[in-house]
Each structure stands twice: as C-alpha cells, then as structure tokens.
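Asks: Quick note, the sequences are listed as chains Z and P, same order. Residue 148 in the UniProt record's numbering is what sits at position 148 of the first sequence, and the numbering runs on without skipping anything. Residue 92 in the UniProt record's numbering is what sits at position 92 of the second sequence, and the numbering runs on without skipping anything. Just so you know, even glycine gets a beta-carbon here, dropped at the ideal spot from N, CA and C. As the structure is a prediction and not an experimental result, all values here were calculated from the model. One structure is given below, represented as structure tokens, and several questions about it will come after.
There are 2 protein chains.
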Amino acid sequence: MLKTKRINQIQDYVLEHETVSLDELVEVFGVSKNTIRRDVQMLVEQGDLKKVYGGVAVNHSTLISFNDRKVRSQLEKQKIAKLAADYVEDGDIIFLDSGTTTFEMLEFIKTKQITVVTNNIDFIVEAMPYENLNIFSAGGMVERKTKSFASFKGEDIFKTYNINKAFMASTGISLRNGVTNSSPLETEIKSSAVKKCSEIFLLVDSKKFDKYALTTYCELKEIDYLITDQLPNENYQQYAMEHDIKLVVPEEAPAN
Amino acid sequence: MLKTKRINQIQDYVLEHETVSLDELVEVFGVSKNTIRRDVQMLVEQGDLKKVYGGVAVNHSTLISFNDRKVRSQLEKQKIAKLAADYVEDGDIIFLDSGTTTFEMLEFIKTKQITVVTNNIDFIVEAMPYENLNIFSAGGMVERKTKSFASFKGEDIFKTYNINKAFMASTGISLRNGVTNSSPLETEIKSSAVKKCSEIFLLVDSKKFDKYALTTYCELKEIDYLITDQLPNENYQQYAMEHDIKLVVPEEAPAN
DNA sequence: AACAAATAACCAAAACTTCATCATTTTTAT
DNA sequence: ATAAAAATGATGAAGTTTTGGTTATTTGTT
C-alpha cells in the first residue's frame with residue numbers, strides 16, 4: 001500500500017477509536033512496528049494526533065481550533081452523515097438542509113455524480129473543489145447564526161426542480177411538537193422541502209430527542225427515514241412503526 | 001484515447017481515490033508507466049495533484065493558495081474598489097456583481113449600514129463577520145470558474161427588491177461590443193441588474209478596454225459611472241461625454 | 001533500584017524515482 | 001501522400017526513499 005494512503009488511514013483509524021496501541025496498528029496495517037512508529041511520528045508532527053506511551057490518541061486541543069476536514073466535528077455526526085450518504089445515488093437531485101450534521105455528508109458524497117440543492121453556505125464553499133457535484137444554491141438572506149440562506153419564497157426552487165430526496169436537520173424533535181428549529185426565517189424553506197420532496201431523511205443525533213425549539217416545520221410522521229446514532233426509546237419506536245418511518249442507526253460494533 | 005482526455009480522467013480518478021499508486025494507474029489506463037509518469041508530471045505542474053512516493057495524491061493545499069491569490073490581488077483593483085465604495089452610502093441597497101474587483105469593495109464598505117444583493121460567493125463568505133451588512137444571495141447554479149451563482153431567473157430579485165445601485169464587473173469592454181463577460185449563464189442576471197437598478201457603476205481596470213468576451217450583457221451607454229484606474233483614450237472620453245457617463249479615475253498620484 | 005516495555009538510532013535490502021537513450025506508433029502539417 | 005513532430009513504450013543505470021531487523025537507550029512500573 002502507498003505510504004501516504006496508509007498514513008491517512010491510520011489517522012482515520014485513530015480518530016475512530018480515540019486511542020489505539022501501536023501493536024494494534026501493526027496488526028491492522030500489516031507493517032512493522034518501526035514503520036508504524038515513523039508514520040505516527042509524521043502525524044504527530046503534523047499536529048493531527050498526539051503520542052501516548054505505547055500508543056497514539058486524537059489531539060483534542062487542535063480539534064476545536066483547527067478546521068481539518070476529518071477532525072472538525074463529533075463522531076456522532078459523521079456516523080449519521082455516513083448512514084445518510086448511503087441513500088444517495090448517482091443521478092440523484094437532493095436537497096441538503098443547513099446544519100452541521102448535513103454538512104458532514106459532503107465527505108461521503110463528494111465523489112458521486114449528483115445535483116445538490118442547498119441553503120447551507122459551508123457546504124457550498126467546501127464543495128467547490130468537487131466538480132462532479134452540481135451545486136444549486138437556494139439563495140435568500142444570509143443567516144449568520146446558521147450560516148445559511150433563509151428564503152422568503154423558497155417554494156420556487158421546489159417547483160422548478162424535481163428533487164427526489166431531502167436531507168433535513170433539526171435542533172430538536174419530539175412526538176408532540178414534531179420537527180423543530182430555532183430560526184423562523186428558515187422555517188418556510190424547510191417545510192416546503194418536506195412537502196415537495198418525495199423521500200425525506202431526517203438526520204438528528206440522539207441528544208435532540210424530546211427537545212424542541214421555537215418553530216415546528218413539519219410533523220414527525222412526514223419523515224420517511226429517521227437517521228440517528230442510537231436507537232431511540234420505545235415511544236419513538238412505536239411511533240415509527242405506526243407511521244411507517246424507517247429508523248436507521250449504526251450497526252452495533254461488536255468489537256468495541 | 002486522447003492524451004488530454006486521459007489526463008483529465010487520471011485527475012478524476014485520483015480525486016475520487018484520494019491517493020493512487022502509479023502501478024494502479026498503469027493498470028487502469030492501460031499505458032506504460034513512463035506515460036503515466038509524464039501525465040502525472042503535467043498534472044502536478046498544473047497544481048491539481050501532488051506526487052507522493054509511489055503514487056499521486058490530491059493537493060489539499062491548492063485551496064489555500066487559491067485564497068492567497070485573492071489576498072495578493074492587484075493594487076489596481078483595490079484602487080478601483082475604493083473609488084466605487086465612495087458611492088455607497090448608509091441605507092443603500094446595492095447589487096454587487098461577481099468578480100474580483102467588485103469583491104475588493106468589501107474592505108471599503110464593511111463598516112457601512114447597507115444591504116448587499118450579490119451572487120459573488122467569495123463576498124458572501126468573507127462578509128460573514130460584518131453583521132451590519134445585510135447580505136442577500138441571488139441563488140442559482142454554482143459556477144466554479146467565477147465562484148458565483150448563475151441564475152436562470154434572476155430577474156425575480158430585482159422585482160422584489162428596489163436596488164438603487166449596481167456595481168458591475170466585466171472581462172472586457174469595447175465601444176462596439178459593449179460590456180461583455182465570458183460566462184453565458186451569468187449574462188441574464190447581469191443584464192437584468194443593469195436594467196432594473198437606477199444607478200449603474202462599472203468597475204474595470206484599464207487592461208480590459210478594447211477587449212471583449214463571449215457575450216454582451218449591456219451597451220456601454222447604459223452605464224452611469226465608469227470606474228477605472230487610468231483615464232481611457234480619447235474615443236472613450238468622447239463616448240462618455242456624449243452618453244452622459246461619468247468617468248471616475250484615481251487622483252493623479254504624483255509619485256507614480 | 002530493577003525490570004520490562006517502549007523508543008530511538010543505525011544499517012542493509014527492497015522498492016521506487018529520475019534521467020537518458022532509442023525504437024515505434026500516432027498525429028499534424030505541407 | 002509524405003515528411004516532420006509529438007507521443008508512447010521499453011530498457012537500464014544511478015540516486016532516493018522506505019522498510020524491517022538489530023541494537024542501544026529511554027521511560028514507566030513495581
């Protein structure tokens with residue numbers, strides 16, 4: 001294997017496992033301990049990881065300040081994003097909501113041949129290098145808090161484009177209040193996305209359950225896929241069953 | 001297969017795989033290692049990829065250098081931008097065209113109380129910190145070449161908003177062909193900006209005179225203010241006089 | 001302090017690169 | 001159609017980088 005590739009994979013591996021022993025890396029990558037040492041040294045010098053006696057760990061100090069593509073957000077969000085990205089196929093026209101979780105999908109869809117309609121400014125900027133992605137911006141007032149465009153008449157884009165899948169974010173969901181968010185300006189574009197797209201995916205980490213924010217942009221039952229990092233409680237499972245919502249959670253990793 | 005086509009495909013292939021060994025490229029493209037080497041060399045010189053031991057990898061630093069280019073932008077553009085910014089007053093609602101010269105205006109208007117309607121992605125991103133600026137994005141397809149949004153039905157924003165001043169850019173102007181630009185997709189939004197806004201400012205550096213590009217988005221006489229770094233030749237002065245265009249150039253700096 | 005584990009330093013073998021040369025094929029221009 | 005130019009493939013020598021093993025040195029634990 002290419003040295004560069006191996007080093008990248010080591011970084012990913014460590015990020016995923018938080019801390020890893022050198023012996024484990026030797027095992028996994030099938031190279032000598034000596035080589036692993038040198039690779040790790042490189043990553044440490046680069047600032048991405050830090051060395052601990054006998055192994056290597058993620059460098060949490062740079063995690064916050066540094067905007068490295070892999071390091072920049074919680075593992076949960078990446079896991080959710082990865083699950084969601086599995087539903088994206090070449091040729092799709094998808095709507096991608098504002099929010100950090102949906103933003104994380106970029107990493108997993110950046111090589112696909114798709115059209116992305118979005119109001120997520122970070123996504124637009126970071127997606128610039130990937131020319132296979134056709135990006136369509138919703139336009140509208142810049143909302144600094146969410147780094148997104150809030151459109152007054154967002155419906156238009158859903159009228160002119162046939163978007164088959166919508167990947168939505170939320171600041172809190174509950175059985176009573178449905179899917180909520182804190183920015184009233186964005187509510188309109190979100191709710192029309194849900195109404196006009198054929199398949200709705202909601203990406204929320206487990207901490208968002210039973211929370212709710214200022215405005216509701218749709219009912220929970222309007223969702224087709226609820227993608228999260230942990231199986232929610234019995235009530236939600238029941239509700240999902242009744243309303244034909246597919247619950248998607250990561251495979252239980254046995255060797256954890 | 002055509003050489004250029006192969007090189008493009010190699011680039012795509014590497015972009016997709018992050019890092020690839022030369023042997024793999026030999027395998028995939030069915031040419032000799034010698035040729036792959038030469039192709040790769042070309043791509044490296046072009047700055048898109050970088051060589052690593054045993055293969056190639058995507059050049060992640062290209063993004064940074066891309067931003068550098070912006071930082072070390074020509075003095076002329078800044079001078080022109082400064083002149084233009086003098087016409088912006090608190091309370092204005094301005095349209096800001098895509099392009100690097102108009103982008104430079106940010107520095108000189110960032111503290112004003114205005115609303116900016118724009119399709120200039122760089123401007124939107126860089127203006128984020130200045131909360132006094134109300135930013136409205138035109139939306140549309142992302143045009144990577146110009147880092148802008150190209151709208152099919154851009155007229156809408158000019159209908160709903162009363163924009164009093166438009167600051168336009170161009171890749172070439174001439175008396176015969178008028179104000180031109182190279183991206184057909186953007187032509188519509190540009191020409192409707194010119195038609196709907198009350199005062200039109202055109203920012204062009206002196207090198208753009210007597211040049212012209214693919215499409216014309218308005219006649220020269222539709223311009224109200226022509227802002228540039230050097231007094232253009234007699235023909236243009238004459239034309240400006242006849243059509244009531246105000247020529248704006250920097251004060252003669254004696255120490256030039 | 002004593003011991004084991006981890007690390008660093010060094011070295012030779014293996015893998016890879018670079019550069020040059022030359023024959024062959026493909027493309028372009030006349 | 002023919003000649004010239006460009007691109008490609010094959011080969012080989014010389015130089016680098018990487019790698020795994022060995023051996024000293026350091027570090028952490030008891």
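In angstroms, rounded to a whole number, what distance separates the CA positions of Ile163(Z) and Thr228(P)?
Replies: For the purposes of this step, residue 163(Z) is identified with residue 163 of the first sequence, where counting begins at 1. For the purposes of this step, residue 228(P) is identified with residue 228 of the second sequence, where counting begins at 1. C-alpha separation (whole angstroms): 44 Å.
Asks: Buried or exposed: Glu27(Z), going by 16 or more other Cβ atoms within 10 Å of its Cβ?
Replies: Here residue 27(Z) refers to the residue found at position 27 of the first sequence. Classification for Glu27(Z): exposed.
Asks: Which chain P residues are close to Arg144(Z), counting only those with a beta carbon under 7 Å from its beta carbon?
Replies: For this step, residue 144(Z) is matched to residue 144 along the first sequence. What Arg144(Z) touches in chain P: Met128 and Glu131.
Asks: For Val142(Z), tell me which candidate among Thr160(P), Asn119(P) and Thr171(P) has the shortest Cα-Cα distance.
Replies: Reading the first sequence from its first residue, position 142 is the one you call residue 142(Z). It is Asn119(P).
Asks: Determine, using beta carbons only, whether Asp122(P) and Phe103(P) come nearer to each other than 8 Å.
Replies: Position 122 of the second sequence, counted from the first residue, corresponds to residue 122(P). Position 103 of the second sequence, counted from the first residue, corresponds to residue 103(P). Yes.
Asks: Quick check: the Cα distance between Gln46(P) and Leu106(Z), rounded to an integer number of angstroms?
Replies: As a position in the second sequence, residue 46(P) is number 46, starting the count at 1. As a position in the first sequence, residue 106(Z) is number 106, starting the count at 1. Distance between the alpha carbons of Gln46(P) and Leu106(Z) is about 25 Å.
Asks: With Phe209(P) as the anchor, note down where its beta strand (DSSP E) starts and where it stops.
Replies: Translated into the one-based positions of the second sequence, residue 209(P) becomes position 209. Neither: Phe209(P) is in no beta strand (DSSP E) and is coded neither H nor E.
Asks: Between the C-alpha atoms of Lys50(P) and Lys3(Z), what's the straight-line distance to the nearest angstrom?
Replies: For the purposes of this step, residue 50(P) is taken as residue 50 along the second sequence, with counting starting at 1. For the purposes of this step, residue 3(Z) is taken as residue 3 along the first sequence, with counting starting at 1. About 14 Å.
Asks: What does the Cβ neighbour count give for Gln237(Z), buried or exposed, with the cut at 16 atoms within 10 Å?
Replies: For the purposes of this step, residue 237(Z) is taken as residue 237 along the first sequence, with counting starting at 1. So Gln237(Z) counts as exposed.
Asks: Is there at least one Cβ from chain P nearer than 8 Å to Ala166(Z)'s Cβ?
Replies: Taking the first residue of the first sequence as position 1, residue 166(Z) is located at position 166. No, its Cβ sits nowhere closer than 8 Å to a Cβ of chain P.
Asks: Quick check on DSSP: helix, strand or coil for Tyr225(Z)?
Replies: As a position in the first sequence, residue 225(Z) is number 225, starting the count at 1. Residue state, collapsed to three classes: strand.
Asks: Quick check on the burial criterion: 16 or more other C-beta atoms within 10 angstroms. Buried or exposed for Leu83(Z)?
Replies: Position 83 of the first sequence, counted from the start, is the residue given in the question as residue 83(Z). Its Cβ being crowded by 16 or more others within 10 Å, Leu83(Z) is buried.
Asks: Checking 8 Å against the spacing of the C-beta atoms, do Tyr212(Z) and Thr187(Z) come in under that value?
Replies: Here residue 212(Z) corresponds to residue number 212 of the first sequence, with the count starting at 1. Here residue 187(Z) corresponds to residue number 187 of the first sequence, with the count starting at 1. Not in contact: Tyr212(Z) and Thr187(Z) (Cβ atoms no closer than 8 Å).
Asks: When DSSP labels each residue in this structure, what does Glu251(P) get in the three-state scheme?
Replies: Position 251 of the second sequence, counting from 1, holds the residue named residue 251(P). Note: Glu251(P) maps to coil in three-state DSSP.
Asks: Going along chain Z, which residues have a C-beta under 9 Å from Ala53(P)?
Replies: Reading the second sequence from its first residue, position 53 is the one you call residue 53(P). In the sequence as presented, Ala is not what sits at residue 53(P); that position holds Tyr. The answer, in chain order, is Leu2, Lys3 and Thr4.
Asks: Is DSSP giving Glu131(Z) helix, strand or coil here?
Replies: As a working note, residue 131(Z) is residue 131 in the first sequence. Three-state result, Glu131(Z): coil.
Asks: Could you work out which residue in Asp39(Z), Asn177(Z) and Ser183(Z) is closest to Gly99(Z) when comparing CA atoms only?
Replies: For this step, residue 99(Z) is matched to residue 99 along the first sequence. Nearest C-alpha to Gly99(Z): Ser183(Z).
Asks: Contact defined as beta carbons within less than 8 Å: I believe Gln230(P) pairs with Val204(P). What is the distance between those atoms, to the nearest angstrom?
Replies: Here the question's residue 230(P) lines up with position 230 in the second sequence. Here the question's residue 204(P) lines up with position 204 in the second sequence. Not a contact, Cβ separation roughly 11 Å.
Asks: Who are Gly55(P)'s beta bridge partners in DSSP?
Replies: As a first step, residue 55(P) must be located in the second sequence, where it is residue number 55. Gly55(P) is bridged to Ser21(P) and Val52(P).
Asks: What residues are listed by DSSP as bridge partners for Glu199(Z)?
Replies: Along the first sequence, one-based indexing puts residue 199(Z) at 199. For Glu199(Z), which the question treats as bridged, DSSP gives the partners Lys165(Z).
Asks: Our contact map puts Ile189(Z) next to Thr180(Z) with C-beta atoms below 8 Å; I'd like the distance itself, whole angstroms only.
Replies: Taking the first residue of the first sequence as 1, we reach residue 189(Z) at position 189. Taking the first residue of the first sequence as 1, we reach residue 180(Z) at position 180. Contact flag wrong, Cβ pair sits at about 15 Å.
Asks: On the criterion of 16 or more Cβ atoms from any shown chain inside 10 Å, does Ser32(P) qualify as buried, or is it exposed?
Replies: One-based indexing of the second sequence puts residue 32(P) at position 32. Classification for Ser32(P): exposed.
Asks: Ends of the alpha helix (DSSP H) at Thr171(P)?
Replies: Locating residue 171(P) in the second sequence gives position 171, counting from the first residue. First-last for Thr171(P): undefined, no H or E at that position.
Asks: Of the choices Lys207(Z), Thr215(Z), Glu219(Z) and Phe201(Z), whose alpha-carbon is the least far from that of Leu247(Z)?
Replies: One-based indexing of the first sequence puts residue 247(Z) at position 247. Comparing Cα-Cα distances from Leu247(Z) to each of Lys207(Z), Thr215(Z), Glu219(Z) and Phe201(Z), the minimum goes to Phe201(Z).
Asks: Near Gly55(Z), what residues of its chain come up, given a Cβ to Cβ distance below 7 Å and the 5 sequence neighbours on each side ignored?
Replies: Taking the first residue of the first sequence as position 1, residue 55(Z) is located at position 55. Thr19, Val20, Ser21 and Leu22, listed in sequence order.
Asks: For Met141(P), which beta-bridge partners are listed by DSSP?
Replies: Here residue 141(P) is taken as the residue at index 141 of the second sequence, counted from 1. Its beta-bridge partners are Phe136(Z) and Ala150(P).
Asks: Between which two residues does the beta strand (DSSP E) harbouring Thr180(Z) extend?
Replies: On the first sequence, residue 180(Z) is found 180 positions in, with the first residue counted as 1. Residues Gly178 to Asn181.
Asks: Quick check on Phe136(Z) - is its C-beta less than 8 Å from some C-beta in chain P?
Replies: In the first sequence, counting from the first residue as 1, residue 136(Z) sits at position 136. Yes - at least one Cβ of chain P is within 8 Å of the one on Phe136(Z).
Asks: Got a sec: is the Cβ-Cβ distance from Gly99(Z) to anything in chain P below 8 Å?
Replies: On the first sequence, position 99 is the one that residue 99(Z) refers to. Gly99(Z) does not count as touching chain P.
Asks: Which residues of chain P have a Cβ atom closer than 8 Å to the Cβ of Ile124(Z), listed in chain order?
Replies: Numbered from 1 along the first sequence, position 124 holds the residue referred to as residue 124(Z). Chain P residues near Ile124(Z): Ile121 and Val142.
Asks: Would you list the one or two residues that DSSP bridges to Thr100(P)?
Replies: Translated into positions along the second sequence, residue 100(P) becomes position 100. Partner(s): none; Thr100(P) has no beta bridge.
Asks: Rounded to the nearest angstrom, what separates Ala193(P) and Ser148(P) at their Cα positions?
Replies: Your numbering for residue 193(P) matches position 193 in the second sequence. Your numbering for residue 148(P) matches position 148 in the second sequence. The alpha-carbon atoms of Ala193(P) and Ser148(P) are separated by roughly 15 Å.
Asks: Is there a Cβ from chain P that is less than 8 Å from the Cβ of Phe149(Z)?
Replies: Position 149 of the first sequence, counted from the first residue, corresponds to residue 149(Z). Yes - at least one Cβ of chain P is within 8 Å of the one on Phe149(Z).
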